[in-house]
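Shown next, in structure tokens, is the structure this report addresses.
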Amino acid sequence: MKGRQITIVFSVLLIMAAFSYLVFLGMKEGSMYYLEVSELFEKLDEMGNGKVRVNGEIVPGSVNYDLAALTLNFTLKDKDIEDSPRLNVIYKGPPPDMLEQEGVTLVAEGFYNMEKRIFKANKLLVKCPSKYEKKEDEA
Amino acid sequence: MIDFGKYSLLFSLILSILVLIGLIIGIRKKDGRFIEMSYRGTKGIFAFMTFACSFLVYAFIMDDFRIEYVASYSEKALPIFYKITGLWAGQKGSLLFWGWLLSLFTFITVQRDEHRVNSLYLPYTLFFLNLTSMFFLVLVNFVTPPFELMAVFPADGNGLNPLLQNPGMVFHPPTLYLGYVGFTVPFAFAMAALVMEDLGEWWIKKTRTWILFSWVCLTLGIIFGGWWAYKELGWGGVWGWDPVENSSFMPWLTATAFLHSVIIQEKRRMLKIWNVSLILLTFSLCIFGTFITRSGIISSVHAFGQSPVGFVFLGFLILVLAAGIYLIWTRYEKLKEQNPRIEAFLSRESSFLYNNIILVGICFATFWGTIFPLISEAVKGVKISVGPPFFNTINAPLFLLLILLMGVCPLLGWRKTSSKGILINCLLPFSLTALSLPVLYISGIRSFMPAFFYSFSVFVITTMLREFYLGTKAGVKNSEKGWLLSFWTLVTRNRRKYGGFIIHIGMVFIVLGLAGYGYFQYKEDAVLNIGQEVTIKNYRLKYLDLTSRTKWNFEGVGARIEVYDSGAFKGYLRPEKRFYKKRENQPTTEVAIMDGIAEDLYLILGDWDRRSGSITLTVVINPLISWIWIGTGVVMFGTFWAVLPKRRRQEDVGLLEKEIILRLKGMEIE
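Heads up: the protein sequence lines correspond to chains Y and W, in order. The number in the numbering used here is simply the position in the first sequence, starting from 1, with 3 added. The number in the numbering used here is simply the position in the second sequence, starting from 1, with 110 added.
Take a look at the structure:
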């Protein structure tokens, strides 16, 4: 019976260790800052060159798509704050749906280039406010 | 007239309060009349809820825009089937639909019980079912009333969001809700078993059909969600580890664990408390998922409305968990295992145990990744989100182990298997798996993980087919029937076992598809002028022209593309952007897909130049993705094979009831 208990304890420890290692690996691979535009500028120093996600509202009229070069440019700002810092974003690829709707917020995933002062996004996630349900205050 | 819906919801709530009172009095005074009255009450609730739902659907069909909910989600020009599905297009309607399903399931649970007159457990079960019903009835009456009127009656409605105007909309929400609501029944039985301090196999036998039914609905709901995203959202994928997706995946994981661990309880009478905990967890995760999606506390691509309803669900979740944990806690001493332990590390029951550990592990990892932004914000003051790489890094190896187990399990016997026996059993599957590796290498699968996924799949399929073969062979030997007849006898006599094997084969197909698109998806953007061609991998695509068409409530601009595969003409594809009349500034992508067994060609029209007609075309090649849908079909077939046609003879049902009554008699009722 004793040997059995040792085996059980041992195997539980082994499973936990393997699992923790996987979680550790996953966090290293997949975790990144999720920031508002102004937070990005505040945290530029401590972030280094890591990948980040920036959440912001598209400045109306800032969307520009160059079809021949397949390049999309637009400017992000903090949601509902008029005088927030502006972030210029560049993305290689066609614009996603609903980009030019008013009040659209978007999450851009990518890197901030300090010299060129531009955010190079390699993934865009558009969040449409009316996608499934209107907000309470709109209803 | 318009108030009918509102009042029938109010009557339902009043009736459910009466049912509750009747149950409490009936159980306390041991008076069957009160309990019988409560049973009848469930009929009334079901009738009123059915009426309320039909009334709302009727309002949608008749374009009754006086009702705020109808005006928000419909319009005159909307095709009729989207009008009907308006019932679950928004929050208010979907909660009403949820409540209706719950009243239906409660009604069926009571009606199905032939011995309900003397039943000892049914009052308790109904008690928990009815409490859940009451929660939803309070919601639809006071928090999210679906029959609220507009202040000013509009001539036409707002229209349904274009993204919801897709066949996925017809299937995805109801199947998901069927799954969620279905788990309420086994949950209620489990709670009743806890209250009565008897966690024997009876509640599992009684709820087996419910469990499988809910499980298959949840599976379908999740897959339909992926299918919808694939066809409608135009990003070329089916699954993105978004919080909303995760919240439907977590209960699926614990439910799958539960499906397996109850088999050990039935065979070996072990894991009683574990099973009750799993069903409690599954039900809680269904509620938790609703909380996440409705409260908006975790940012998601699926922007559901952020409304206080989410926090009402949080309150309910805390209540359910507190009650469940209290019941388990107070009964723990009495229910501790007196039964045999697992004897060997290599036995069938231990393989079920590993299966449970892995599934719960995946669930925990998914949970952790989903709520991590909240934790990091609370602890470090910064939101840190975890993306798909986190989930893939952890879950892919765990899934791999799970697949391996699927293959190993049938090779092991119950209790103990001799090492020699295992070796003999493994010989064929292992050698085929080993053989598959060079074949995979030659066919271009050269990285680690996918090679594992595919060779393990070969392993599972071989062991499954081997089971069918050995069973049939034994049948031929024993009964001297022909092969075909023996096979038929085998699979019809042991529907449950072979249904399970079929489900596993389906699961392997789904994994094949997921791995194919996950590891080998190819994506390229191209800019094309009219008449220009582009060659991408084995495809040659020629852009013919840009045309527009008008249908129902939208105008679609599409590019006609001529498709050649390895030189052979395959047909035309027309990826499109739609402009719905109600939302002209919100173009939506309508992808064009040429699907095949080996791979899908998936075209997205990005943007176009109005003068020259040149377009941006995104070309996605998704290998094996069709196998997800094929596998789902196989899983469904397997589940129905395991449950539906099994017509229990009347005596069997009677025996089970008698057994339960005998077990529970002599027990003190509080």
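Backbone N, C-alpha and C define an ideal beta-carbon position, used for all residues, glycine too.
CB of residue i within 8 Å of CB of residue j, strictly
i                            : j                         : result
valine 180 of chain W        : threonine 152 of chain W  : no
leucine 330 of chain W       : methionine 704 of chain W : no
serine 724 of chain W        : leucine 638 of chain W    : yes
serine 243 of chain W        : serine 213 of chain W     : yes
phenylalanine 563 of chain W : alanine 625 of chain W    : yes
tryptophan 338 of chain W    : leucine 369 of chain W    : no
leucine 109 of chain Y       : lysine 130 of chain Y     : yes
proline 421 of chain W       : serine 410 of chain W     : It is phenylalanine, not proline, that sits at residue 421 of chain W in the sequence shown. No, they are not a contact pair.
glycine 666 of chain W       : glutamate 643 of chain W  : no
isoleucine 782 of chain W    : proline 233 of chain W    : There is simply no residue 782 of chain W to check, as chain W begins at 111 and stops at 780 in what is shown.
isoleucine 407 of chain W    : proline 296 of chain W    : no
alanine 169 of chain W       : leucine 119 of chain W    : no
serine 565 of chain W        : valine 618 of chain W     : no
valine 730 of chain W        : lysine 633 of chain W     : yes
isoleucine 499 of chain W    : glycine 33 of chain Y     : The sequence given here has proline at residue 499 of chain W, not isoleucine. Contact: yes.
glycine 59 of chain Y        : lysine 80 of chain Y      : yes
phenylalanine 215 of chain W : threonine 294 of chain W  : yes
tyrosine 629 of chain W      : methionine 559 of chain W : yes
glutamate 307 of chain W     : arginine 441 of chain W   : yes
lysine 382 of chain W        : leucine 309 of chain W    : yes
leucine 38 of chain Y        : valine 57 of chain Y      : yes
isoleucine 555 of chain W    : tryptophan 751 of chain W : no
glutamate 686 of chain W     : glycine 706 of chain W    : no
leucine 166 of chain W       : leucine 206 of chain W    : yes
phenylalanine 175 of chain W : aspartate 266 of chain W  : yes
Supposed close pair residue i, residue j - CB separation, criterion 8 Å
i                            : j                            : result
proline 256 of chain W       : lysine 202 of chain W        : 4 Å
phenylalanine 501 of chain W : tryptophan 351 of chain W    : 4 Å
leucine 437 of chain W       : valine 305 of chain W        : 7 Å
alanine 110 of chain W       : arginine 684 of chain W      : The question about residue 110 of chain W has no answer, for chain W in this structure spans 111 to 780.
arginine 458 of chain W      : glycine 523 of chain W       : 6 Å
leucine 328 of chain W       : leucine 395 of chain W       : Actually they are not in contact, since the Cβ atoms of leucine 328 of chain W and leucine 395 of chain W sit about 11 Å apart, beyond 8 Å.
phenylalanine 217 of chain W : phenylalanine 299 of chain W : Not a contact, Cβ separation roughly 16 Å.
leucine 133 of chain W       : phenylalanine 237 of chain W : 5 Å
valine 753 of chain W        : threonine 319 of chain W     : 5 Å
Outcome for residue i when other beta-carbon atoms lying within 10 angstroms are tallied against a minimum of 16
i                            : result
leucine 125 of chain W       : buried
aspartate 48 of chain Y      : exposed
tryptophan 823 of chain W    : What the structure shows of chain W is the stretch from 111 to 780, and residue 823 of chain W is not part of that stretch, so it cannot be assessed.
arginine 720 of chain W      : exposed
glutamate 139 of chain Y     : Any answer about glutamate 139 of chain Y is weak, because its pLDDT of 34 lies below 50 and its placement is not dependable; what the coordinates show is given next. Its Cβ having fewer than 16 others within 10 Å, glutamate 139 of chain Y is exposed.
asparagine 648 of chain W    : exposed
aspartate 2 of chain Y       : Shown here, chain Y extends from 4 to 142; a query on residue 2 of chain Y therefore has no answer.
methionine 159 of chain W    : buried
asparagine 466 of chain W    : buried
tryptophan 439 of chain W    : exposed
phenylalanine 323 of chain W : buried
asparagine 271 of chain W    : buried
serine 182 of chain W        : buried
isoleucine 397 of chain W    : buried
leucine 787 of chain W       : No answer is possible for residue 787 of chain W: the residues shown for chain W start at 111 and end at 780.
leucine 23 of chain Y        : Checking the sequence shown, residue 23 of chain Y turns out to be serine, not leucine. By the neighbour-count rule (16 or more Cβ atoms within 10 Å), serine 23 of chain Y is not buried but exposed.
leucine 211 of chain W       : buried
leucine 355 of chain W       : In the sequence as displayed, the identity of residue 355 of chain W is glutamate instead of leucine. Its Cβ being crowded by 16 or more others within 10 Å, glutamate 355 of chain W is buried.
glycine 142 of chain W       : exposed
proline 548 of chain W       : exposed
- Check whether the region 731-747 of chain W touches the region 367-378 of chain W, counting contact only when three or more Cβ pairs, one atom from each stretch, lie closer than 8 Å. Here the region 731-747 of chain W does not lie against the region 367-378 of chain W, with fewer than 3 beta-carbon pairs under 8 Å apart.
- Query: If contact means a Cβ-Cβ distance below 9 Å, which residues of the region 85-107 of chain Y contact chain W?
  - Reply: Using a CB distance below 9 Å, the part of the region 85-107 of chain Y facing chain W consists of Lys95, Gly96, Pro97, Pro98, Pro99, Asp100, Met101, Glu103, Gln104, Glu105, ordered along the chain.
- Near-chain W residues of the region 13-34 of chain Y (beta-carbon distance less than 7 Å), N- to C-terminal order: For chain W, the residues of the region 13-34 of chain Y that bring a beta carbon within less than 7 Å of one of its beta carbons are Ile18, Phe22, Leu25, Val26, Leu28, Gly29, Met30, Glu32, Gly33, Ser34, in chain order.
- Residues of the region 47-64 of chain Y whose Cβ lies closer than 8 Å to any Cβ of chain W, in chain order: Taking 8 Å as the Cβ-Cβ cut-off, the region 47-64 of chain Y approaches chain W at Arg56, Asn58, given in chain order.
- Item | the region 99-106 of chain Y / the region 695-712 of chain W touching (three or more Cβ pairs under 8 Å) | In short, these stretches touch, since the Cβ pair count reaches three.
- Query: How do the region 530-541 of chain W and the region 491-505 of chain W stand: do at least 3 beta-carbon pairs fall below 8 Å, yes or no?
  - Reply: With the rule of 3 Cβ pairs closer than 8 Å, the region 530-541 of chain W does not count as touching the region 491-505 of chain W.
- Item | Positions along the region 468-502 of chain W whose CB lies within less than 8 Å of some CB in chain C | Chain labels in this structure do not include chain C; the protein chains are Y and W.
- Scan the region 707-737 of chain W for residues whose Cβ lies nearer than 7 Å to a Cβ of chain Y and list them as they occur along the chain. Answer set for the region 707-737 of chain W: Gly716, Asp717, Asp719, Ser724, Thr726, Thr728.
- Message: Closer than 9 Å between beta carbons: that is the criterion. Which residues of the region 684-707 of chain W meet it against chain Y?
- Response: Cβ contacts with chain Y: Lys687, Arg693, Asn695, Gln696, Pro697, Thr698, Thr699.
- Message: Which residues of the region 502-517 of chain W have a Cβ closer than 9 Å to any Cβ of chain Y? Give them in chain order.
- Response: Here the close residues are Asn502, Thr503, Ile504, Asn505, Pro507, Leu508.
- Query: How do the region 710-718 of chain W and the region 566-584 of chain W stand: do at least 3 beta-carbon pairs fall below 8 Å, yes or no?
  - Reply: With a cut-off of 8 Å, the region 566-584 of chain W and the region 710-718 of chain W do not count as touching, because too few Cβ pairs lie within range.
- How about the region 358-373 of chain W and the region 462-479 of chain W: do they share at least three Cβ pairs that are nearer than 8 Å? In short, these stretches touch, since the Cβ pair count reaches three.
- Item | Stretch pair the region 425-432 of chain W + the region 252-268 of chain W: three plus CB contacts closer than 8 Å | Taking 8 Å as the limit for Cβ pairs, the verdict is that the region 252-268 of chain W does not touch the region 425-432 of chain W.
- Contacting positions in the region 620-647 of chain W - beta carbon closer than 7 Å to chain Y: Listed by position, the residues of the region 620-647 of chain W near chain Y (Cβ gap below 7 Å) are Asp635, Val637.
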